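Engineer: Going by the numbering used here, the sequence shown opens with residue 2, and the numbers climb by one from there. Every residue gets a Cβ at the ideal spot worked out from N, C-alpha and C, and that includes glycine. Keep in mind the model is a prediction, meaning the values are calculated, not measured. Sending over a structure as structure tokens; questions will come in a sec.
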Amino acid sequence: MGGMAGLEGMEQPRRHGSATAARWTPAVEDERALKALELFGNPTEGEVPLPSRPESAATARRLTQVVVLRHWGLSPKMTEDAVLLVSELVGNAVRHTGARVFGLRMRRRRGWIRIEVRDPSRGLPCLMPVQEMDVSGRGLFLVDKLSDRWGVDLLPRGKTTWFEMRVVER
Numbered sequence: 002m003g004g005m006a007g008l009e010g011m012e013q014p015r016r017h018g019s020a021t022a023a024r025w026t027p028a029v030e031d032e033r034a035l036k037a038l039e040l041f042g043n044p045t046e047g048e049v050p051l052p053s054r055p056e057s058a059a060t061a062r063r064l065t066q067v068v069v070l071r072h073w074g075l076s077p078k079m080t081e082d083a084v085l086l087v088s089e090l091v092g093n094a095v096r097h098t099g100a101r102v103f104g105l106r107m108r109r110r111r112g113w114i115r116i117e118v119r120d121p122s123r124g125l126p127c128l129m130p131v132q133e134m135d136v137s138g139r140g141l142f143l144v145d146k147l148s149d150r151w152g153v154d155l156l157p158r159g160k161t162t163w164f165e166m167r168v169v170e171r
């Protein structure tokens, strides 16, 4: 029955909708990013609604990857940071707002990119002091450290949490 344990290990990731680690390649990830763009829309053209579920963080990461790296042609390092930060904002929206849906939007203007996550809660996120061994509560700490500026805009019904990163024009 030793083979069964191996099968269980292989099947478990599929139940969660992701491929096994052995099957991940940059080409597969690019394909998934383009599929997310096709399914959900382009967040540079308007706000993209995403369901408030943990797997939406992966969708937001993929959308960020395809927009920042491919459409805007920015550096892999900037893309990596933007992908991490959008994941943190989406994670906060999913965990803390009670929303059924949240919105994702990306904007670029000369010298800057801006990524926004809008949700229906008016509860403000709080930047907490972080200790080295903390396993949670690091999201806004990372946003604060890796972005050039960030903030929250209160809306009549909800808020938009955003971050901006300076782009070095070539």
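What separation, rounded to the nearest whole angstrom, lies between the Cα atoms of residue 29 and residue 36?
Structural biologist: The residue you call residue 29 lines up with position 28 of the sequence shown. The residue you call residue 36 lines up with position 35 of the sequence shown. Straight-line Cα distance between these residues: approximately 10 Å.
Engineer: Would you kindly report the start and end of the unbroken beta strand (DSSP E) that includes residue 159?
Structural biologist: If you number the sequence shown from 1, residue 159 lands on position 158. Note, residue 159: beta strand (DSSP E), 159 to 167.
Engineer: What do you reckon, are the CB atoms on residue 115 and residue 123 nearer than 8 Å?
Structural biologist: Walking along the sequence shown from the start, residue 115 turns up at place 114. Walking along the sequence shown from the start, residue 123 turns up at place 122. Not in contact: residue 115 and residue 123 (Cβ atoms no closer than 8 Å).
Engineer: Below 8 Å between beta carbons: does that hold for residue 158 and residue 126?
Structural biologist: For the purposes of this step, residue 158 is taken as the residue at position 157 of the sequence shown. For the purposes of this step, residue 126 is taken as the residue at position 125 of the sequence shown. No, Cβ-Cβ distance for residue 158 and residue 126 is not below 8 Å.
Engineer: Taking residue 117 as part of the beta strand (DSSP E), name the residues at either end of that continuous run.
Structural biologist: Along the sequence shown, one-based indexing puts residue 117 at 116. Where residue 117 is concerned, the enclosing beta strand (DSSP E) stretches over 113 to 120.
Engineer: Would you mind sorting residue 155 into buried or exposed? The rule is 16 or more other CB atoms within 10 Å of its CB.
Structural biologist: Translated into positions along the sequence shown, residue 155 becomes position 154. Result: exposed.
Engineer: What's the call for residue 60, buried or exposed, on a 16-neighbour Cβ count within 10 Å?
Structural biologist: Position 59 of the sequence shown, counted from the start, is the residue given in the question as residue 60. Buried is the call here.
Engineer: At the level of alpha carbons, what is the spacing between residue 39 and residue 81?
Structural biologist: In the sequence shown, residue 39 corresponds to position 38, counting from 1. In the sequence shown, residue 81 corresponds to position 80, counting from 1. Answer to the nearest angstrom: the Cα atoms are 21 Å apart.
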